[in-house]
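A.B. asks: Here you go, one structure.
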Amino acid sequence: MHAPAGTLADNTRIAEGPRQRPISIPFLLLRAATAAGAFATGFVQTFVFARILSPERFSVFIVVGAIGYTLWLAELGLPSILFVNLRGPHLAGRRDGQAASQATAVVLLYGAIAIAASLVCFAVAWSRPASTLLQAIELALFLLYVALNLAWTSLRSLSIAVDVFVFYESLELVRRAVNIAALLAVLTGLPLVAFLAGSNALWGLLFAAAAGKLIGRGALAPQLRGWTRQLVSFLRSNRHAAARSSTGALSGAFTVLFPYYVVPLMFGLGAAPIILEVTFRIFRGACVIFAAICDLAVPEQTRALAARDVNRLLRITLLVAALCCIPAAIACALLIFAGAPLFSFLLHTAAVVPRAITPILIVLLIAGVLQTVSEVLLQYTGYFRSLAYNGLCIVAAMILATSVSFVAGLSLIGFLAAYAAAYAAGSVAVTLAAAYGPIRAAIPRT
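Note that the numbering used here has the sequence shown beginning at 3, numbered continuously upward.
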């Protein structure tokens, strides 16, 4: 039976070796490119869909996309546990075959969930009287295209755990470039269904390449037989950590996704979901960039914590926080000085974004820096309990903010302002949790 996961400070003794650079330069360049690609993909998709779909059809795709991201609730924070289980042995210079088999089982679970959800989506869409076969296929393929991110991002955790992140990011850069090119081709006549089918075929090639590399480094197992047994074994031996990590993961997903359900219910389809989508494209896109910057520090942060070098841990954490402030400041400046033409360019005639969105986005961006830097540090050092407690508090605040908005009859702007206030409070709380968790644990014991 594999030992249950604890924090990295509890379970890891690193093998001596040459001191690493605080940040890998190839990883820095690649991660910057893939983060920019992720940011660009979201905007290109919004730009294209706003021009090829009617506002109502566009809002349906937004809701289906939200359902795809909701499947991330099934992630349950398990990749974070896998990271801790694989990272410790890797830093000690050995491999853990059972951890690799369990990682394989979790990735297969995520892939099966994505495929099953797309089949259900097809059946539901095709059963609607107003839907055609082509429209049902498009929605199912779009859901699969979104949902497979669940399995793909879990491979990122595994690649960082065994220091093959440069290879992973190379594949991610290819994916982003091809998808952006294909999306732009849709504007020139490529059928939407062809884009979606091709993007899902690309997923297959990328998974095969990434799996081959991770198998070679001992992060995945070459044998698929008995993967359900390995999954049950993993959940049983890590049940306490899974309960805590899943609470944090579920609350994080809830925080990002629940507006996509609340807004259509409160304000209907059409303009309101589209305004929400472009607002959250900027917010989530910026958080992707923040997370990319934080990923750069994970290998060094985990080494510093395992070595109980608090000064090194503080230096690298403050460095990535400062780096996150650069794109945040650029985004805030663009919103202040060029927000209106930017929104008009993206949405064309699909919807008009109110000016009051700008200060809300600025609050979200600033809070996003604090939230992402602290959350990544807690996640990759195994502080799942802290993430769980803070996540539950944020969920409670979000529910309260939504209830107040509904009872008071607030507009979409009022609802988003209440959401931003609750999110900002949560970001301060999780920052304090990081200070009292891994940073304090890195102080040498006397």
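We put the CB at the ideal spot given by N, CA and C, even for glycine.
Are the Cβ atoms of Leu418 and Phe269 separated by less than 8 Å?
C.D. replies: To locate residue 418, count along the sequence shown from 1; it is residue 416. To locate residue 269, count along the sequence shown from 1; it is residue 267. No, these two residues do not count as a Cβ contact at 8 Å.
A.B. asks: Taking the alpha helix (DSSP H) that Leu160 falls in, what are its first and last residues?
C.D. replies: Position 158 of the sequence shown, counting from 1, holds the residue named residue 160. 151 to 163 is the extent of the alpha helix (DSSP H) around Leu160.
A.B. asks: Can you grab the Cα-Cα spacing for the pair Gly416 / Thr404, in whole Å?
C.D. replies: For the purposes of this step, residue 416 is taken as the residue at position 414 of the sequence shown. For the purposes of this step, residue 404 is taken as the residue at position 402 of the sequence shown. For Gly416 and Thr404, the distance between alpha carbons rounds to 10 Å.
A.B. asks: At a cut of 8 Å, does the stretch 218 to 227 reach the stretch 99 to 107 through at least three beta carbon pairs?
C.D. replies: Yes, they touch.
A.B. asks: Can you name the start and end residues of the alpha helix (DSSP H) that Pro361 belongs to?
C.D. replies: Position 359 of the sequence shown, counted from the first residue, corresponds to residue 361. Start and end: 359 to 382.
A.B. asks: Could you tell me whether the Cβ atoms of Ala293 and Leu379 are closer together than 8 Å?
C.D. replies: One-based indexing of the sequence shown puts residue 293 at position 291. One-based indexing of the sequence shown puts residue 379 at position 377. For the pair Ala293 and Leu379, the CB atoms are not nearer than the 8 Å cut-off.
A.B. asks: Quick check: Leu320 and Leu337, are their CB atoms within less than 8 Å of each other?
C.D. replies: By 1-based counting over the sequence shown, the position of residue 320 is 318. By 1-based counting over the sequence shown, the position of residue 337 is 335. Contact flag unset, no.
A.B. asks: Roughly how many whole angstroms lie between the Cα atoms of Ile117 and Leu160?
C.D. replies: Translated into the one-based positions of the sequence shown, residue 117 becomes position 115. Translated into the one-based positions of the sequence shown, residue 160 becomes position 158. So the alpha carbons of these two residues sit roughly 22 Å apart.
A.B. asks: Confirm, please, whether the CB-CB distance from Leu194 to Ile54 is below 8 Å.
C.D. replies: Here residue 54 refers to the residue found at position 52 of the sequence shown. Here residue 194 refers to the residue found at position 192 of the sequence shown. In contact: Ile54 and Leu194 (Cβ atoms closer than 8 Å).
A.B. asks: How would you write the range of the alpha helix (DSSP H) that Thr178 sits in, first residue to last?
C.D. replies: Translated into the one-based positions of the sequence shown, residue 178 becomes position 176. Here residue 178 is Arg; the residue named in the question, Thr, does not match the sequence. It spans 167 to 189 - the alpha helix (DSSP H) in which Arg178 sits, taken as one unbroken run.
A.B. asks: Let me confirm a value: Asn313 is counted as buried when at least 16 other C-beta atoms fall within 10 Å, else exposed. Which label applies?
C.D. replies: Taking the sequence shown and counting its residues from 1, the one referred to as residue 313 is at position 311. Exposed.
A.B. asks: Does the Cβ of Phe2 have 16 or more other Cβ atoms within 10 Å, making it buried, or fewer, making it exposed?
C.D. replies: Residue 2 is absent from the structure shown; the chain starts at 3 and stops at 448.
A.B. asks: Short check: CB of Leu348 to CB of Phe49, under 8 Å?
C.D. replies: The count along the sequence shown starts at 1 and reaches residue 348 at position 346. The count along the sequence shown starts at 1 and reaches residue 49 at position 47. Yes; because the gap between Cβ atoms is below 8 Å, this pair is in contact.
A.B. asks: Within 10 angstroms of its Cβ, does Tyr382 collect 16 or more other Cβ (buried), or is it exposed?
C.D. replies: Indexing the sequence shown from 1 puts residue 382 at position 380. Tyr382 is buried by the Cβ-count criterion.
A.B. asks: Determine the contact status of Phe41 and Ile291, defining contact as a CB-CB distance below 8 Å.
C.D. replies: Within the sequence shown, the letter at position 39 stands for residue 41. Within the sequence shown, the letter at position 289 stands for residue 291. Cβ atoms of Phe41 and Ile291: closer than 8 Å.
A.B. asks: Report the rounded CA-to-CA distance for Ser156 versus Leu216, giving the unit in angstroms.
C.D. replies: Translated into positions along the sequence shown, residue 156 becomes position 154. Translated into positions along the sequence shown, residue 216 becomes position 214. The alpha-carbon atoms of Ser156 and Leu216 are separated by roughly 12 Å.
A.B. asks: In angstroms, rounded to a whole number, what distance separates the CA positions of Arg89 and Leu198?
C.D. replies: One-based indexing of the sequence shown puts residue 89 at position 87. One-based indexing of the sequence shown puts residue 198 at position 196. Their backbone Cα atoms lie some 35 Å apart in a straight line.
A.B. asks: From Ala444 to Thr433, what does the alpha carbon distance come to, in whole angstroms?
C.D. replies: Here the question's residue 444 lines up with position 442 in the sequence shown. Here the question's residue 433 lines up with position 431 in the sequence shown. About 16 Å.
A.B. asks: So Tyr425 is in the alpha helix (DSSP H); what residue range does that whole segment cover?
C.D. replies: As a position in the sequence shown, residue 425 is number 423, starting the count at 1. Note, Tyr425: alpha helix (DSSP H), 414 to 436.
A.B. asks: Write down the C-beta distance between Leu152 and Leu73 rounded to the nearest angstrom, noting that I regard them as a contact closer than 8 Å.
C.D. replies: On the sequence shown, position 150 is the one that residue 152 refers to. On the sequence shown, position 71 is the one that residue 73 refers to. With 8 Å as the limit, Leu152 and Leu73 qualify as a contact, their Cβ atoms being about 6 Å apart.
A.B. asks: With a CB to CB cut of under 8 Å and the five nearest residues on each side skipped, what residues in its chain are close to Ile182?
C.D. replies: Start at 1 with the first residue of the sequence shown, and residue 182 comes out as number 180. So the list reads Gly39, Ala42, Thr43, Val46, once near-sequence residues are dropped.
A.B. asks: By Cβ distance below 7 Å, which residues in the same chain neighbour Cys327 in space, the five residues on each side in sequence not counted?
C.D. replies: To locate residue 327, count along the sequence shown from 1; it is residue 325. Correct list, in chain order: Val371.
A.B. asks: Would you check if there are 3 or more beta carbon pairs closer than 8 Å linking the stretch 158 to 175 to the stretch 143 to 150?
C.D. replies: no
A.B. asks: Quick check on Ser56: does DSSP put it in helix, strand or coil?
C.D. replies: Position 54 of the sequence shown, counted from the start, is the residue given in the question as residue 56. Correct three-state label for Ser56: coil.
A.B. asks: Below 8 Å between beta carbons: does that hold for Cys296 and Val375?
C.D. replies: Within the sequence shown, the letter at position 294 stands for residue 296. Within the sequence shown, the letter at position 373 stands for residue 375. A contact, by the Cβ cut-off of 8 Å.
A.B. asks: Using alpha carbons as the reference points, say which of Ala342, Val86, Phe51, Ala273 lies closest to Thr301.
C.D. replies: Locating residue 301 in the sequence shown gives position 299, counting from the first residue. Per the sequence presented here, residue 301 reads as Pro, with Thr not at that position. Looking at the Cα atoms, Val86 is the closest of the given residues.
A.B. asks: Can you check which of these residues, Pro275, Leu233, Ile139, Val264, is closest to Ile401 by C-alpha distance?
C.D. replies: On the sequence shown, position 399 is the one that residue 401 refers to. Ranking the options by Cα distance to Ile401, first place goes to Val264.
A.B. asks: Can you tell me the Cα-Cα spacing of Leu189 and Ala420, whole angstroms?
C.D. replies: The residue labelled residue 189 in the question sits at position 187 within the sequence shown. The residue labelled residue 420 in the question sits at position 418 within the sequence shown. So the alpha carbons of these two residues sit roughly 37 Å apart.
A.B. asks: In three-state DSSP terms, what is Tyr385?
C.D. replies: Within the sequence shown, residue 385 is the residue found at index 383, counting from 1. It is coil, neither helix nor strand.
A.B. asks: Does Arg357 pass the burial test, meaning 16 or more other C-beta atoms within 10 Å, or should it be called exposed?
C.D. replies: If you number the sequence shown from 1, residue 357 lands on position 355. Classification for Arg357: exposed.
A.B. asks: Check whether the Cβ atoms of Val365 and Ala422 lie closer than 8 Å to each other.
C.D. replies: The residue given as residue 365 occupies position 363 in the sequence shown. The residue given as residue 422 occupies position 420 in the sequence shown. Ala422 sits close to Val365, with the two beta carbons spaced by under 8 Å.
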